[in-house]
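Protein chains in written order, with UniProt numbering: chain A, 1 to 239; chain B, 1 to 239; chain C, 1 to 239; chain D, 1 to 239; chain E, 1 to 239; chain F, 1 to 239.
Just so you know, even glycine gets a beta-carbon here, dropped at the ideal spot from N, CA and C.
The structure displayed is predicted, hence computed values, not measured ones.
Just below is one structure, and these are the notes that go with it.
Number of protein chains: 6
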Amino acid sequence: MRPSGRQANELRHVNITRNYTKHAEGSVLVEFGDTKVLCTATVEERIPQFLRGTGEGWVTAEYGMLPRSTGSRMQREAARGKQGGRTMEIQRLIGRSLRAAIDLKSLGERSITIDCDVIQADGGTRTASITGAYVALHDAISHLLNTRKLKSSPLHGQVASISVGIYNGTPVLDLDYDEDSSAETDMNVVMNDAGAYIELQGTAEGHAFRAEELQSMLDLASHGISQLMEKQREVLAVS
Amino acid sequence: MRPSGRQANELRHVNITRNYTKHAEGSVLVEFGDTKVLCTATVEERIPQFLRGTGEGWVTAEYGMLPRSTGSRMQREAARGKQGGRTMEIQRLIGRSLRAAIDLKSLGERSITIDCDVIQADGGTRTASITGAYVALHDAISHLLNTRKLKSSPLHGQVASISVGIYNGTPVLDLDYDEDSSAETDMNVVMNDAGAYIELQGTAEGHAFRAEELQSMLDLASHGISQLMEKQREVLAVS
Amino acid sequence: MRPSGRQANELRHVNITRNYTKHAEGSVLVEFGDTKVLCTATVEERIPQFLRGTGEGWVTAEYGMLPRSTGSRMQREAARGKQGGRTMEIQRLIGRSLRAAIDLKSLGERSITIDCDVIQADGGTRTASITGAYVALHDAISHLLNTRKLKSSPLHGQVASISVGIYNGTPVLDLDYDEDSSAETDMNVVMNDAGAYIELQGTAEGHAFRAEELQSMLDLASHGISQLMEKQREVLAVS
Amino acid sequence: MRPSGRQANELRHVNITRNYTKHAEGSVLVEFGDTKVLCTATVEERIPQFLRGTGEGWVTAEYGMLPRSTGSRMQREAARGKQGGRTMEIQRLIGRSLRAAIDLKSLGERSITIDCDVIQADGGTRTASITGAYVALHDAISHLLNTRKLKSSPLHGQVASISVGIYNGTPVLDLDYDEDSSAETDMNVVMNDAGAYIELQGTAEGHAFRAEELQSMLDLASHGISQLMEKQREVLAVS
Amino acid sequence: MRPSGRQANELRHVNITRNYTKHAEGSVLVEFGDTKVLCTATVEERIPQFLRGTGEGWVTAEYGMLPRSTGSRMQREAARGKQGGRTMEIQRLIGRSLRAAIDLKSLGERSITIDCDVIQADGGTRTASITGAYVALHDAISHLLNTRKLKSSPLHGQVASISVGIYNGTPVLDLDYDEDSSAETDMNVVMNDAGAYIELQGTAEGHAFRAEELQSMLDLASHGISQLMEKQREVLAVS
Amino acid sequence: MRPSGRQANELRHVNITRNYTKHAEGSVLVEFGDTKVLCTATVEERIPQFLRGTGEGWVTAEYGMLPRSTGSRMQREAARGKQGGRTMEIQRLIGRSLRAAIDLKSLGERSITIDCDVIQADGGTRTASITGAYVALHDAISHLLNTRKLKSSPLHGQVASISVGIYNGTPVLDLDYDEDSSAETDMNVVMNDAGAYIELQGTAEGHAFRAEELQSMLDLASHGISQLMEKQREVLAVS
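Here it is, written out as structure tokens:
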């Protein structure tokens, strides 16, 4: 039995709100139950040093948690003077996941930065971030199309992400904080709309997981991601 | 004529939402028009080094802006590796303002940290922060009273803040970004409910201001702060 | 009665020494009683990034305290690896104050940096810094005129600064350290020679201050600043 | 055809040298072909803050690359003033992998730090690090047993790691730099001697990978890890 | 011929002023010609971590240059966020030199920090620093004797320092900036009052120096240091 | 009697291995007994800012110790976020020593960086670094000659370094860690093949050293450096 009373293959209530703030080219509040992340996309007509002269664009992400988005207050990374290892790991994951959905050549010499800031955390902030970031990225691309800076969309795939894990010996979908903190295994899965894997990051917290457990988790993930993509398409259908 | 069409002595629409997020002992979203700041209060049963053995508590504040809370994206301070001078100046101001409303002796050996994070900026983020932070602090104190960690409230005053300035030669109340960026003079006023000044920070951006201009601005500020305090009391009256 | 035996409206002995060191384009030792600050002005034929192409120049300030300028030794900021919030606040204040006295367009594409380094501290280091920095800036401008890099002076005003406060219930002028550390209210005032305000920063340390107390403090400040400006003109009259 | 001429399921030549340097409690040079990593284990009779009072010990890892371990020189992280995101990601992975092999309760209140420093890089530095670090950890435990600080070994499993990927459309084992830099998919697999997964980190660099590709890669990894464990046991058998 | 017109074996005019500022236990302005360094000694009743429990005290030094102490402005190290290599090298040298003159056991569990801040630089700042720092240290020790924290002085030697070099093929004493910047060889010598060497740091800037050149430089240094020590004793004789 | 049983004028066993790693233009493992340092030379076709437009090249060095190269683990400088004073001092010394052997004008607008990373430390890491770095630099120059980027060698001298000291009252050559940590005086000498001094850095750890002790140490150093140069020439003779 899950603490939340959910079925093993049941997502939390998912909500995606576009145009959440007014300045960004894409601004999306994504909610996976009590986890709330604000994903904003910024288009800038410049590219990083290492891409100069290649004609390619860039998509990258930054991630942060508000200090009291969590149960006990975390030190503000800006005050500590550096981003922690976990933060870096997550923002690199989000960036790679989004780049797997876009043709950087077609984007042209500009960059899109997706900021994922966790307003409230209850497990799964990185998977919610990726799922919301895709919608923000889509809105930023629409902005470029609407302002005629792009003629056709460089997006060639849809991306979403969910966590799966082994909780009390049972594979479950979309772990909340209670489950996550006592799960034996935790895996984050990023997939595209062709059902293929973009990222797979599994960690045995308690005991190592066997091949059949891996298979069950992958099945759950695939099932959950289909629903998230349905949700993404739904909100993007509204212009 | 003000860009927003407001009267010289007219506040923007003010909204204060309590319990905006679930983990913090106080969590308030404050809106001054399009300026939106999340103020969370965290109670911790420990005090900073310099207060050890004094029996006193501490109230402090931290301030941050989400990178795309503004018209163009600002670099994330956590990624830059340090907080800028403006950030430090603002968080020190918020902290001092709140400490003027509370008896640290009565608070006892604990600390309350108010995080003010700007979700969307349109001028006046520091005055909105102080006004919202007071409500979050009040909620944190209520939490301590409800959990019987305190027997009586150490709060001895109510605090709110507003900006005033000289815009196109006319003193105006509660400047939005359009006004702020072209104002000749900009002043932030923090007052208590006895009508006395806690902080006064006036800066001549364009030309120096004369004594009579100062007086007009102080009158406007006093008028605006009364309304903000009315609003604070109103939302705090709901339990 | 003030600890120093001064009258409420009495400045400490003020001394301004030009050409204190030999390398800088302006080099001024300013003394407000036992507070001693070395203000040097450096002219550089380059401007910060954000002004490129505007044709404007820049005036900025940096502030520091020698580790043992104070009663107990402070950690060296260079060794700590960052400037504290107070330092940043003060150097931003000095810079804004000086920019209020100069036409940056007429200065041309060059920058002047004023370094204010506290040799000995006894309260009022920021007001002494501003008062001395103006003289150093004036000398740097004279240098530009003498070397024919400028044809006419871009300075359009004179700037000086003093602190006022409520000490033992009485408004007093130019607080020294003993007064400052137990004052109920502390205000730094920066004015120009037209008697208008450039900066006003008042902080209620103990109790909030009322309108009439504010008025008394402003009157004292105006009185003190007139004398400081007299002193500035006197030392600048000597070529 | 692989650039190195290897079969798809063929490891590079693997070499593990114990006691490579003289000071550390465990010191292992691990070579996967031209990739050479020095793994040293340091035992310290103290534990990190967050474990105080729990009676548990700690195992952690740090990772670094010598500046010219790679084809072109990388900036020294000590000179840059911070560790990059990739470095943090890798050292966190090594630490988690090793902790999956040891009972921290039985280790007692002490910590073991494994430093993995890359002397020469040719792809697979993180998998070589984990494989070598296990041997260094084993030697450090032997040292604790020999010096009678521990009565029985807290190690409850053997850990090794290998990379797999899709290169030119074919799943291959143990990618070298040439393969890695042009692989479509890259996955690092950490397993224990029971054939279960400890970590799984797959990234689609070029195109997303399908379920059957995942399966092929996992089969290759399992095959390679068996051989690595054989090698580990072989070198550890010599006392 | 030297630019200053001095003889090869002639020191610049040396001036040592005690009690230059009022807060420090020792405060000395030392002048070697136009080089002016403020040396303050701070006594603190605590010792660094690594000496806890040894019963020994500590003497250390920090060094800094005011940004415009030099011909062109140097970036403020506090603003850069770190001390440069030259700064660290010099402050380590000063610290070691002073520790050679004191018995740390007899000093007891306290520390003395000497801050050497360069007000104006014209070559030889490190040798002036050491020479002035000794006097400041002596005053701090007198303070401890006068306040009966020490019964007898832990100082067992006198320390002074001078630079020597090969300028235009000729060995010269006490190089000023003009000479220093074009000298072929530059050597800093620290000696005690028994005529023995405490530190010797010679660097061939232009061409390597031969044994006989070394001997000439050492003779000059010995000659100069005798005069500096005479000067130190003279100013210390005044109580 | 020396702990190692060596004669006072006896070097440790010296070994210099070229082509130790495969990527660098010069890669040398230098061993002075148990001290092992990897010196790699990297050629880059760019120069630092301060040399732009001068037509000159640059040679510089960086130094680091692997965390467990020493008896007890040192904190990793990359993790601490800065290089310590000792590290900076040493890398500046290595850089200056190498620049004394090369004509930067003839090198042309390119830079050579020598990384000296200590694999195992047993005293004398800086002297071993300089001695090995010269060989790595020589190999990098040969690479430039072989690839016809240079027509003739800009090297005009050979450089090597050794430590000398007073141990138990006796002058000794090439101190190992046991001797170094209890020596009364420690001096590092860098010489060229004309028998002249490039750097001389002597420090009295215990008691100050007299002129005759200095002379004995210099004689020992000269003797040791001759042998090191012989060794360098020997290994460089093999193509």
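Closest Cβ-Cβ distance between residue i and chain E: below 8 Å?
{"i": "F/Ala133", "result": "no"}
{"i": "F/Phe50", "result": "no"}
{"i": "C/Ser69", "result": "yes"}
{"i": "F/Ala208", "result": "yes"}
State the Cα-Cα distance for the pair residue i and residue j, rounded to the nearest angstrom.
{"i": "F/Gly108", "j": "F/Gly55", "result": "6 Å"}
{"i": "A/Tyr167", "j": "D/Leu93", "result": "22 Å"}
{"i": "D/Ala237", "j": "D/Val135", "result": "11 Å"}
{"i": "F/Glu179", "j": "E/Asn188", "result": "26 Å"}
{"i": "A/Arg96", "j": "F/Gly132", "result": "42 Å"}
{"i": "A/Glu77", "j": "A/Gln83", "result": "6 Å"}
{"i": "A/Arg73", "j": "F/Leu98", "result": "52 Å"}
{"i": "C/Glu89", "j": "B/Arg86", "result": "8 Å"}
{"i": "E/Glu213", "j": "F/Asn15", "result": "33 Å"}
Checking contacts by CB at 8 Å: is residue i closer than that to chain A?
{"i": "B/Gly81", "result": "yes"}
{"i": "D/Ile198", "result": "yes"}
{"i": "D/Phe32", "result": "no"}
{"i": "D/Arg126", "result": "no"}
{"i": "D/Ala61", "result": "no"}
{"i": "B/Ala78", "result": "yes"}
Assuming contact is defined by CB atoms lying nearer than 8 Å, are residue i and residue j in contact in what I supplied?
{"i": "C/Glu25", "j": "C/Ala140", "result": "yes"}
{"i": "D/Val43", "j": "D/His143", "result": "yes"}
{"i": "A/Leu38", "j": "B/Leu66", "result": "yes"}
{"i": "C/Gly202", "j": "B/Tyr197", "result": "yes"}
{"i": "E/Ala121", "j": "E/Thr35", "result": "yes"}
{"i": "E/Thr60", "j": "E/Thr113", "result": "yes"}
{"i": "C/Asp154", "j": "C/Ala8", "result": "The residue you asked about is not Asp; residue 154 of chain C is Pro in the sequence shown. In this structure, C/Ala8 does not lie closer than 8 Å to C/Pro154 by Cβ."}
Does the beta carbon of residue i sit closer than 8 Å to a beta carbon anywhere in chain C?
{"i": "E/Ile119", "result": "yes"}
{"i": "E/Leu66", "result": "yes"}
{"i": "E/His23", "result": "yes"}
{"i": "residue 274 of chain B", "result": "What the structure shows of chain B is the stretch from 1 to 239, and residue 274 of chain B is not part of that stretch, so it cannot be assessed."}
Against chain B, does residue i count as a neighbour if the rule is that its beta carbon must be under 8 Å from one of theirs?
{"i": "A/Leu236", "result": "no"}
{"i": "C/Met88", "result": "yes"}
{"i": "A/Leu38", "result": "yes"}
Could you tell me whether the Cβ of residue i comes closer than 8 Å to any Cβ of chain D?
{"i": "F/Asp176", "result": "no"}
{"i": "A/Leu214", "result": "yes"}
{"i": "F/Thr42", "result": "yes"}
Less than 8 Å between CB atoms is the rule here; does residue i satisfy it with respect to chain F?
{"i": "D/Glu96", "result": "Residue identity differs from the one stated: residue 96 of chain D is Arg in this sequence, not Glu. No, its Cβ sits nowhere closer than 8 Å to a Cβ of chain F."}
{"i": "E/Gly85", "result": "yes"}
{"i": "D/Asp115", "result": "yes"}
{"i": "D/Arg99", "result": "no"}
Counting only C-beta atoms, is residue i closer than 8 Å to chain H at any point?
{"i": "E/Arg73", "result": "Here chain H cannot be found, since the structure's protein chains are A, B, C, D, E and F."}
### Message
Which runs of the beta strand (DSSP E) at least 3 residues long sit entirely within the segment 94–139 of chain B? Give them in chain order.
### Response
Considered as a whole, the segment 94–139 of chain B harbours 111–120 as its complete beta strand (DSSP E) runs of no fewer than 3 residues, in chain order.
### Query
In the segment 180–204 of chain E, which residues sit with their C-beta less than 8 Å from some C-beta in chain F, listed in chain order?
Within the segment 180–204 of chain E, Met187, Met191, Asn192, Ala194, Gly195, Ala196, Tyr197, Ile198, Glu199, Leu200, Gln201, Gly202, Thr203 and Ala204 place their CB atoms closer than 8 Å to a CB of chain F, listed in sequence order.
### Query
What runs of the alpha helix (DSSP H), each 4 residues or longer, lie entirely inside the segment 171–206 of chain B?
Within the segment 171–206 of chain B, the complete alpha helix (DSSP H) runs of at least 4 residues are 177–180.
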